[in-house]
Amino acid sequence: MNNERPASSATGVALARALETALPKHQRLFEDPFAHLFLGRFGSTVLRLCRHLGTRRILLGANDRLLPGVRGISVGRTRFIDDALDAALGRGVRQVVILGAGYDTRALRIRGSESSLFFEVDHPATQRCKCETLERVLGEQPSNLKFVPVDLERQGLATALEGAGFQRKEKALVIWEGVTEYLSESAVDAALAWFAQGIALESEIVFTYTDRGLIEGTKTFSGGSRILAMNRWGGEPYRFGFDPTRLRVELADRGLELIEDVAGEEYRRRYFAPRDRHLRGNEYERTALARRAGAGAPLDAGRVFCGPTRGQEPK
Numbered sequence: 003m004n005n006e007r008p009a010s011s012a013t014g015v016a017l018a019r020a021l022e023t024a025l026p027k028h029q030r031l032f033e034d035p036f037a038h039l040f041l042g043r044f045g046s047t048v049l050r051l052c053r054h055l056g057t058r059r060i061l062l063g064a065n066d067r068l069l070p071g072v073r074g075i076s077v078g079r080t081r082f083i084d085d086a087l088d089a090a091l092g093r094g095v096r097q098v099v100i101l102g103a104g105y106d107t108r109a110l111r112i113r114g115s116e117s118s119l120f121f122e123v124d125h126p127a128t129q130r131c132k133c134e135t136l137e138r139v140l141g142e143q144p145s146n147l148k149f150v151p152v153d154l155e156r157q158g159l160a161t162a163l164e165g166a167g168f169q170r171k172e173k174a175l176v177i178w179e180g181v182t183e184y185l186s187e188s189a190v191d192a193a194l195a196w197f198a199q200g201i202a203l204e205s206e207i208v209f210t211y212t213d214r215g216l217i218e219g220t221k222t223f224s225g226g227s228r229i230l231a232m233n234r235w236g237g238e239p240y241r242f243g244f245d246p247t248r249l250r251v252e253l254a255d256r257g258l259e260l261i262e263d264v265a266g267e268e269y270r271r272r273y274f275a276p277r278d279r280h281l282r283g284n285e286y287e288r289t290a291l292a293r294r295a296g297a298g299a300p301l302d303a304g305r306v307f308c309g310p311t312r313g314q315e316p317k
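Here the numbering used here is used: the first residue of the sequence shown is 3, the next is one more, and so on.
As structure tokens, this is what we get:
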């Protein structure tokens, strides 16, 4: 991404959430009353046009044909992560770390969030834009929200978070949504190593990831080539992915226990079908929920965490 401007992917996610919020209450998966604040001119125009049912069908229908399942992925994963956060708050978790937070507003919109401390970790450019917007709208920074500017490609998490008040001996929930695919393998590995070794036992992490087969070209997904091309064109190419068939083993090697690993079909069954919605997700992006179950394996700087590269077979 351009180091001087906010990530365009963050704006796209905000638009998806704003569009979902505009649906009738019995249809929508969640409500994000703040998402529209981060849309910019183009996104605001799309949202305004989509308030008319006929125009909405035309525009979103065209989007779904161009990028099959992308909208379903965005709102499905948002609801899944909202549920994970709701469950964690219900268990008494009082620390939430959001890596690559973008325009996430869970610290403001999830019931019970006001009693927990949220640490939003993000690239300084995106975070600066978000801070300015919230201060303009709310008049001040929410007391339960701490902004922690970190470039995950160049900086470690432990020092920055603890400097902001994060208590490593207290259980936490870590949210990492729509980020791993844009990072290098070493940056992803470092973040997961921090979670496996620098956070309290029984803490949980919920994160999205891209099927490595899409990036390597070894698997075919509907609209996959267009998705890759559009991200390259936008300056945010996909760089990293996991193999879903090896995810449980890879996490276990780091002292993490996989709890759930879901994708488009599960979103349909769990969220869309009960609301009589025909929206579908795509299987190329998945959401995993894992728990820190042990002390974690010692770091090995030469180890490839995400598995074999193209042309290699796992040992």
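C-beta atoms are modelled at their ideal positions from N, C-alpha and C, and glycine is treated no differently.
Beta carbon of residue i nearer than 8 Å to that of residue j
i      : j      : result
Leu163 : Val99  : yes
Gln97  : Ala174 : yes
Val150 : Ala166 : yes
Arg228 : Leu21  : no
Ala295 : Asp263 : no
Glu238 : Ile75  : no
Trp178 : Leu101 : yes
Glu172 : Arg293 : no
Glu267 : Glu285 : yes
Ser186 : Phe242 : yes
Thr13  : Gly45  : yes
Bridge-paired residues (DSSP) for residue i
i      : result
Lys148 : Phe121
Tyr211 : Arg288
Gln97  : Leu119
Trp196 : In the DSSP output, where bridge partners are listed per residue, Trp196 has none listed.
Asp263 : Ala290
Leu175 : Val98 and Glu206
Leu258 : Arg294
Phe244 : Asp213
Own chain, CB closer than 8 Å to residue i, minus 5 neighbours either side, in chain order
i      : result
Asn146 : Ala109, Ser115, Glu116, Ser117, Ser118, Leu119 and Phe120
Top-ranked residue by Cα proximity to residue i, from the options
i      : options                           : result
Ala192 : Pro276, Leu159, Ile75 and Arg130  : Leu159
Arg170 : Trp178, Tyr184, Gly141 and Ala202 : Ala202
Val77  : Ala64, Arg30 and Pro35            : Arg30
Val15  : His280, Phe40 and Ala24           : Phe40
Ser188 : Leu216, Arg279, Glu155 and Val95  : Glu155
Glu122 : Arg111, Thr135, Cys131 and Ala103 : Ala103
Pro35  : Ile261, Arg272, Tyr105 and Arg241 : Tyr105
Asp124 : Lys148, Val139, Phe197 and Ile112 : Lys148
Lys132 : Ala37, Phe244 and His28           : Ala37
Gly236 : Ile261, Tyr184, Ala198 and Glu204 : Tyr184
Ala231 : Leu216, Asp245 and Phe244         : Leu216
Thr135 : Gly42, Gly71 and Leu61            : Gly42
Leu249 : Leu62, Arg279, Gln199 and Leu194  : Leu194
Val72  : Asn233, Pro246, Ile261 and Asp245 : Asn233
Pro276 : Ser11, Thr23, His28 and Ala24     : His28
Contact set for residue i: own chain, Cβ-Cβ below 7 Å, skip 5 residues either direction
i      : result
Arg270 : Arg282 and Gly283
Glu315 : Legend: pLDDT at Glu315 = 35, less than 50; position of this residue unreliable, value from coordinates given subsequently. Result list for Glu315: empty, nothing under 7 Å.
Cβ shell of residue i (< 6 Å), same chain only, five flanking positions each side left out
i      : result
Leu51  : Thr57
Asp84  : Phe32
Pro126 : Pro151
Within-8 Å CB hit, residue i to chain D
i      : result
Thr128 : Here chain D cannot be found, since the structure has a single protein chain.
Any 3 or more C-beta pairs closer than 8 Å across the region 218-238 and the region 257-268: Result no; under three Cβ-Cβ pairs closer than 8 Å.
Cβ pair count under 8 Å reaching 3, the region 212-224 against the region 132-143: Put simply, the region 212-224 does not touch the region 132-143. Fewer than three CB pairs are less than 8 Å apart.
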